[in-house]
Amino acid sequence: MHPVGRLDYDTSGLLLFSSSGALTQRLLHPKHEVEKEYVAVVTGIVVEDELRATLAAG
Numbered sequence: 005m006h007p008v009g010r011l012d013y014d015t016s017g018l019l020l021f022s023s024s025g026a027l028t029q030r031l032l033h034p035k036h037e038v039e040k041e042y043v044a045v046v047t048g049i050v051v052e053d054e055l056r057a058t059l060a061a062g
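Position one of the sequence shown corresponds to residue 5 (the working numbering), numbered consecutively onward.
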């Protein structure tokens, strides 16, 4: 079994496993340009301009 990706520390989510090393490589290698979608759940009000500034600052 091969993990397809990883979960960062202090996060939660779904981790996909594959018995195919070829599929794992295809999903993970940047040259295959597999589209990924991330969803965040927040508490409170998010002001878009403040969020963009925070993300831009790193």
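Glycine is no exception: its CB is placed at the ideal position from the N, C-alpha and C atoms.
Short of 8 angstroms from the beta carbon of Lys35, and not among the five residues preceding or following it, lies no beta carbon of its own chain. The beta carbons of Val8 and Ser22 sit closer together than 8 angstroms.
Leu19 is positioned such that its CB atom lies closer than 8 angstroms to that of Leu11.
Per DSSP, the continuous beta strand (DSSP E) segment holding Leu20 begins and ends at 20-22. Here the alpha carbon of His6 sits roughly 7 angstroms from the alpha carbon of Gly25.
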